[in-house]
Amino acid sequence: MAQDTIKLADYLFTRLRQLGVESMFGVPGDYNLRLLDFVTPAGLHWVGNCNELNAAYAADGYGRVKGLAALITTYGVGELSALNGIAGAYAENTPVVHIVGTPPRPLQDARTFMHHTFSDGDYRRFAAMSTHITAAQSRIVDSISAPEKIDWILQQALIHNKPVYLEVPDDMPDVLVSAANLKTEITVPIPPRSAEEPQVLAQILERIYQAERPFILVDGESTGLGIVDQLDALIKATAWPTWTSVYGKGLADEQLPNVYGLYAGGFGDDAAKAYFEEADLVLTFGPHYSDTNSYFYTTIPKPKVAITFSGSNIQIKDQTFRDMSASNILSQILSTLDTKKLVKAAGPPKTSLTIDTNAPDTDALVQTNFYPLVNPLFKKGDIILTETGTAAHGGRNFTLPSKSRLFGAVTWLSIGFMLPATLGTALAQRELNANTPSKAQTILFIGDGSLQMTAQEISVMIKKKLNIVIFIINNDGYTIERVIHGRKAAYNDVPFWRHSHALTYFGAAEDHAAENTFQARTVGELKGVLADERISNGSGVRLVEVFMDREDVQGALLYLLNKQLAQEKVDEEKEKGQNQG
Numbered sequence: 001m002a003q004d005t006i007k008l009a010d011y012l013f014t015r016l017r018q019l020g021v022e023s024m025f026g027v028p029g030d031y032n033l034r035l036l037d038f039v040t041p042a043g044l045h046w047v048g049n050c051n052e053l054n055a056a057y058a059a060d061g062y063g064r065v066k067g068l069a070a071l072i073t074t075y076g077v078g079e080l081s082a083l084n085g086i087a088g089a090y091a092e093n094t095p096v097v098h099i100v101g102t103p104p105r106p107l108q109d110a111r112t113f114m115h116h117t118f119s120d121g122d123y124r125r126f127a128a129m130s131t132h133i134t135a136a137q138s139r140i141v142d143s144i145s146a147p148e149k150i151d152w153i154l155q156q157a158l159i160h161n162k163p164v165y166l167e168v169p170d171d172m173p174d175v176l177v178s179a180a181n182l183k184t185e186i187t188v189p190i191p192p193r194s195a196e197e198p199q200v201l202a203q204i205l206e207r208i209y210q211a212e213r214p215f216i217l218v219d220g221e222s223t224g225l226g227i228v229d230q231l232d233a234l235i236k237a238t239a240w241p242t243w244t245s246v247y248g249k250g251l252a253d254e255q256l257p258n259v260y261g262l263y264a265g266g267f268g269d270d271a272a273k274a275y276f277e278e279a280d281l282v283l284t285f286g287p288h289y290s291d292t293n294s295y296f297y298t299t300i301p302k303p304k305v306a307i308t309f310s311g312s313n314i315q316i317k318d319q320t321f322r323d324m325s326a327s328n329i330l331s332q333i334l335s336t337l338d339t340k341k342l343v344k345a346a347g348p349p350k351t352s353l354t355i356d357t358n359a360p361d362t363d364a365l366v367q368t369n370f371y372p373l374v375n376p377l378f379k380k381g382d383i384i385l386t387e388t389g390t391a392a393h394g395g396r397n398f399t400l401p402s403k404s405r406l407f408g409a410v411t412w413l414s415i416g417f418m419l420p421a422t423l424g425t426a427l428a429q430r431e432l433n434a435n436t437p438s439k440a441q442t443i444l445f446i447g448d449g450s451l452q453m454t455a456q457e458i459s460v461m462i463k464k465k466l467n468i469v470i471f472i473i474n475n476d477g478y479t480i481e482r483v484i485h486g487r488k489a490a491y492n493d494v495p496f497w498r499h500s501h502a503l504t505y506f507g508a509a510e511d512h513a514a515e516n517t518f519q520a521r522t523v524g525e526l527k528g529v530l531a532d533e534r535i536s537n538g539s540g541v542r543l544v545e546v547f548m549d550r551e552d553v554q555g556a557l558l559y560l561l562n563k564q565l566a567q568e569k570v571d572e573e574k575e576k577g578q579n580q581g
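Residue numbers (full-length UniProt numbering): 1 to 581.
Here you go:
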């Protein structure tokens, strides 16, 4: 092979390695097997998931930590199984490269009736489905254009911070292509400075200097804007009261005295809500205003007090300035900011999860005492994941150590997502900490119902020797669905599982499983578990099953439950009146 050429699969995987991808998720299938032959020789770690949906979920978790992820599926049956996970990555802005091994070009060109198709010769149907849930799509059809197409699709994932779709025909992995582009990095173009930037900067600084009651709100799309480090500098420079959304939790250091943690609008702390409503300036970064992330839109500031940095736009009051780089503007704010002109803003009293030291150890575990008891377990650099349901609502009020992140339910809310995402997150965490003495671990909180969706991936966690603690909240079914509708309905029940057998069933050594499986029903039992070195400083996969009542909820879920109970009472009175009549 000449030095200026390289096999197509090697080119693709080299490019992914250059962008920081070290692990490849996916499931083998007959149209991607030749492509998979190149994964390990290229220096990538093949994960090998239990199914394609879990692979997509895991890639999403990995991408949230490392900034880019990739998975490989086979044409038709494999790629379609992954689409729910890809859609979630699209909804919540995770760049995932979905590589699909397709039938060889001659078979496609001849419209041959092949398996994994509808036997009608149409090979474009499945790719068309992905156009709705990926930012860009590309199809490799020849060796000449292949390098440029690969580079373009990878760049699109980075530019848009969303999934992309790449087809590689089964006859092409070992085709020679030009290696010339490998000498040039794939980068995100630096946005040009808008002619309106001086005007926008002046307006923002004027508002900042005039503010008497400022409020900073950090949301999750700040990551895609590339401004997380700048936000940290701004929060420290101003010392202004700062909150995050669920999506942004962990992007602001909660150990700083002016960082309050989560702002929950009409469903959270009354003092924080009053401060927000009386603020004369709300600086909002990377907003993601879904109903669930914005607490039914109660965290959205009034336009007259807001300066909002989103996408390529900056909005000041009711005026939108387009084609603006948040990073450019923030850099200029930080370089010109005169902190002597800033108000020394005192926010409301800080609140945090507190443990009732007078509560007897015999008290049953409930949502309101469980999360405060667990919170001290977290260490610097830990990544915490909370599954849709009671775990997501309970974990939102955790106080995080520095350099820690919390990934919670934001918008897509596909139950079961967080378990495979924990696999991907833990792999990414291990790669990032490979050359450090960090003892950070990945900690998952998941309900018994959600667990049943994707539990197989525990076997991959064990196989890969990952450092993970799993808290299973056993509340006897789909509690989140019960509080929305069907409180007593059988369809919200789930089959009974013996979670204490999970680690051995999924492949852990019997001695490890016996020593690292725990149960807790009371406050005292949970305290004993948390004090155990195997949980706080252990290794491998550890499992803690905690038991709670099926209707034990708090926060927004309690609001929904009370609504349903009130409606039931109305219906009962109505039925009683009809019977008496």
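Cβ atoms here follow ideal geometry from the backbone N, Cα and C, with glycine treated the same way.
- Per DSSP, Ser81 is one residue of the alpha helix (DSSP H) stretching across Val77 to Ala91.
- Runs of the alpha helix (DSSP H) spanning 4 or more residues and lying entirely within the segment 338-401 occur at 367-374 and 390-395, in chain order.
- For Glu167, the pairing in a beta bridge is given by DSSP as Val100 and Arg139.
- Per DSSP, Ala502 is one residue of the alpha helix (DSSP H) stretching across Ala502 to Tyr505.
- By the Cβ test, the segment 119-127 is not in contact with the segment 144-151, since fewer than three Cβ pairs between them sit closer than 8 angstroms.
- In its chain, beyond the 5 residues on either side, Phe13 and Met24 have a beta carbon closer than 6 angstroms to the beta carbon of Leu44.
- Going by beta carbons, Glu457 and Leu503 fall outside the 8 angstroms limit.
- In this structure, the beta-carbon distance from Asn397 to Gly286 does not fall below 8 angstroms.
- Ser222 sits away from Leu234, with the two beta carbons spaced by 8 angstroms or more.
- In its chain, beyond the 5 residues on either side, Leu83, Ile86, Ala87, Tyr90 and Pro163 have a beta carbon closer than 8 angstroms to the beta carbon of Ile133.
- Judged by DSSP in its simplified three-state form, Trp152 adopts helix.
- Listed as beta-bridge partners of Met24 by DSSP are Trp46.
- Linking Gln315 to Gln203 through their CA atoms gives a straight-line distance of about 11 angstroms.
- A distance below 6 angstroms between beta-carbons, with the five flanking residues on each side excluded, links Arg482 to the following residues of its chain, in chain order: Asn492.
- In the DSSP assignment, Pro420 falls within the alpha helix (DSSP H) that extends over Met418 to Leu432.
- Spatial neighbours of Asp448 in its own chain (CB-CB distance under 8 angstroms, excluding positions within 5 residues in sequence) are listed in chain order as Ile472, Ile473, Asn474, Asn475, Asp476, Gly477, Val494, Trp497 and His499.
- Exclusion of the five residues before and after Gly29 leaves Thr74 and Gly78 as the residues of its chain whose Cβ lies within less than 6 angstroms of its Cβ.
- Boundaries of the beta strand (DSSP E) harbouring Gly261: Val259 to Leu262, taken from the DSSP string.
- C-alpha of Val343 to C-alpha of Val47: approximately 52 angstroms in a straight line.
- The DSSP-derived three-state label of Lys66 is helix.
- Take Gln554, set aside five residues on each side of it, and the residues of its chain with a beta-carbon closer than 7 angstroms to its own are Gln367, Thr368, His393 and Gly394, in chain order.
- The DSSP-derived three-state label of Ser194 is coil.
- Within the segment 482-556, the beta strand (DSSP E) runs of at least 3 residues that lie entirely inside it are, in chain order, 517-520 and 541-547.
- Excluding its 5 nearest sequence neighbours in each direction, Met114 has C-beta neighbours in its own chain below 8 angstroms: Pro103 and Leu107, listed in chain order.
- Taking one beta carbon from each stretch, the segment 201-220 and the segment 169-178 have fewer than 3 pairs nearer than 8 angstroms; the two do not touch.
- Counting along the chain, the unbroken alpha helix (DSSP H) around Val460 starts and ends at Glu457 to Lys463.
- The C-alpha of Met548 lies about 56 angstroms from the C-alpha of Gln199.
- Three or more beta-carbon pairs drawn from the segment 408-424 and the segment 290-300 are found closer than 8 angstroms, and the two stretches are therefore classed as touching.
- As computed with DSSP, Lys7 is found in a beta bridge with Leu176.
- Using a 10 angstroms sphere on the CB of Arg322, the tally of other CB atoms stays under 16, which defines it as exposed.
- Excluding residues up to 5 positions away in sequence, Ile235, Thr242, Ala252 and Asp253 lie with their Cβ nearer than 7 angstroms to the Cβ of Val259 in the same chain.
- Straight through space, the alpha carbons of Ile443 and Thr422 are spaced by roughly 8 angstroms.
- When beta bridges are read from the DSSP output, Trp243 appears opposite Leu217.
- Looking from the CA of Glu92, the closest CA among His160, Asp109, His98 and Ala146 belongs to His160.
- Cα atoms of Ala489 and Glu568: separation of roughly 13 angstroms, rounded to the nearest angstrom.
- Of the residues Leu158, Glu185 and Ser138, the one whose Cα lies closest to the Cα of Val168 is Ser138.
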